[in-house]
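Each number in the working numbering comes from the position in the sequence shown (counting from 1) with 1 added on. Yeah, the Cβ is synthetic: ideal placement off N, Cα and C, and Gly gets one too.
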Amino acid sequence: MLVSIKKALGAETRRKNGDMPAGGATRPARGRLLVRRAGPALATAVSLALAVGGCTRYDTTAPSDARAQAGADHPAPLGAVDCRKVKCIALTFDAGPSGNSPRLLDILKEKHVHATFFLLGKKHIERYPQLVKRMAAEGHEVASHTWDHRILTEIEPDEVRAELNRPDAAIEKLIGRRPTLMRPPQGRTNEEVNDICRELGLAEVLWSVTAKDYLTTDSDLIRKRVLDQAGRDGIILLHDIYKGTVPAVPGIIDALKARGYVFVTVPQLLAPGTAKPGTVYKP
Numbered sequence: 002m003l004v005s006i007k008k009a010l011g012a013e014t015r016r017k018n019g020d021m022p023a024g025g026a027t028r029p030a031r032g033r034l035l036v037r038r039a040g041p042a043l044a045t046a047v048s049l050a051l052a053v054g055g056c057t058r059y060d061t062t063a064p065s066d067a068r069a070q071a072g073a074d075h076p077a078p079l080g081a082v083d084c085r086k087v088k089c090i091a092l093t094f095d096a097g098p099s100g101n102s103p104r105l106l107d108i109l110k111e112k113h114v115h116a117t118f119f120l121l122g123k124k125h126i127e128r129y130p131q132l133v134k135r136m137a138a139e140g141h142e143v144a145s146h147t148w149d150h151r152i153l154t155e156i157e158p159d160e161v162r163a164e165l166n167r168p169d170a171a172i173e174k175l176i177g178r179r180p181t182l183m184r185p186p187q188g189r190t191n192e193e194v195n196d197i198c199r200e201l202g203l204a205e206v207l208w209s210v211t212a213k214d215y216l217t218t219d220s221d222l223i224r225k226r227v228l229d230q231a232g233r234d235g236i237i238l239l240h241d242i243y244k245g246t247v248p249a250v251p252g253i254i255d256a257l258k259a260r261g262y263v264f265v266t267v268p269q270l271l272a273p274g275t276a277k278p279g280t281v282y283k284p
């Protein structure tokens with residue numbers, strides 16, 4: 002029964018969070034069918050499982066809280082954007098690098114925008130090492146999206162460690178520093194994953210804006226979805242592996258700049274606070 006509950010929870014999480022499996026494969030919504038057919042009985046069981054097992058329980062910290070925790074009088078680093086005083090928003094891209102990444106990097110350079118890249122190990126970091134180096138060299142934040150895009154809440158602790166350690170080691174070898182941020186596949190985490198991230202020196206970063214770009218190649222629709230959801234301290238989730246995403250980026254940047262937003266990396270969004278290992282950040 003608990004296995005069925007976890008599957009149902011997983012399907013609902015994927016639908017709500019807007020982060021689907023790498024590669025864009027959309028699986029049948031079996032979990033949602035289970036929820037509808039089982040009705041109140043499953044809802045009760047889900048509540049019980051959450052209370053007893055802590056399947057999806059975890060606390061989150063907003064960027065504004067991270068800044069406040071640093072102290073009101075803590076100065077921003079010299080030359081850095083101070084998101085306590087200006088309207089900041091962070092662009093983030095998952096599951097790359099890909100063949101679309103060079104054009105994306107060109108756009109970001111032209112627009113004078115820095116982003117945060119949550120890179121996938123298998124078939125991405127290994128396949129495009131020069132793009133990883135370019136991201137770092139051009140001032141972007143390079144972070145991890147695991148090695149095989151496995152759902153961390155569904156695997157054993159040692160498997161979680163391997164999913165996190167492998168991309169971090171590969172990134173460190175390429176750019177000379179180890180990531181301090183990671184994004185769990187499909188945004189799915191729990192207290193056990195939080196503890197392992199704390200052990201490995203990683204903070205987890207979720208999001209507040211998703212275009213669900215894995216479901217459409219319509220760049221205008223992707224742009225509209227982002228603009229409709231954008232707000233101060235927002236973290237935008239996009240995937241440059243999909244065909245419609247990169248063409249949407251110039252319009253997203255121009256429109257949000259026109260609204261007075263300043264684009265920052267995730268560490269800049271948290272500054273003068275710093276990302277704490279084991280903490281989950283979500284606007």
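Hey, would you say residue i sits closer than 9 Å to residue j, going by beta carbons?
i      : j      : result
Gly202 : Arg179 : yes
Lys283 : Ile236 : yes
Val281 : Ala204 : yes
Val267 : Ala276 : yes
Ala340 : Arg68  : Because the chain here runs from 2 to 284, residue 340 falls outside it and cannot be looked at.
Trp148 : Ala137 : no
Val194 : Tyr59  : yes
Thr190 : Thr218 : no
Ile90  : Leu257 : yes
Val247 : Leu105 : yes
Glu139 : Leu175 : no
Thr61  : Thr93  : no
Just the C-alpha distance for residue i and residue j, rounded to the nearest angstrom, thanks.
i      : j      : result
Asp196 : Pro158 : 10 Å
Ile253 : His146 : 23 Å
Ser209 : Gln269 : 17 Å
Pro103 : Leu132 : 7 Å
Ala170 : Val143 : 12 Å
Pro168 : Cys198 : 14 Å
Pro251 : His150 : 28 Å
Leu49  : Ile152 : Residue confidence for Leu49 is low, a pLDDT of 36 falling below 50, so the modelled location carries little weight; the figure read from the coordinates is stated next. So the two alpha carbons sit approximately 22 Å from each other.
Asp95  : Glu160 : 21 Å
Val82  : Gly261 : 14 Å
Gly97  : Lys213 : 16 Å
Arg233 : His115 : 17 Å
Met183 : Ile172 : 12 Å
His113 : His240 : 20 Å
Tyr215 : Glu111 : 25 Å
Thr181 : Lys123 : 19 Å
Ser99  : Gly274 : 32 Å
Asp255 : Ala249 : 10 Å
Val53  : Gln187 : Unreliable placement is indicated for Val53, whose pLDDT of 37 sits below 50; no coordinate value is reported for it.
Gly72  : Pro278 : 19 Å
Val206 : Val87  : 21 Å
Lys225 : Pro130 : 32 Å
Strictly by DSSP, which residues pair up with residue i?
i      : result
Cys89  : Val263
Asp95  : Phe119
Ser145 : Leu120 and Met183
Leu239 : Phe94
Run through DSSP, which three-state label would residue i get?
i      : result
His115 : coil
Thr246 : helix
Val194 : helix
Val281 : strand
Ile223 : helix
Ala170 : helix
Thr218 : coil
Thr275 : coil
Ala30  : Caution is warranted here: a pLDDT of 37 is assigned to Ala30, below 50, making its placement in the model unreliable, and no coordinate value can be reported.
Glu157 : coil
Val210 : strand
Asp204 : Residue identity check: residue 204 is Ala in the sequence provided, not Asp. Correct three-state label for Ala204: strand.
Gln269 : helix
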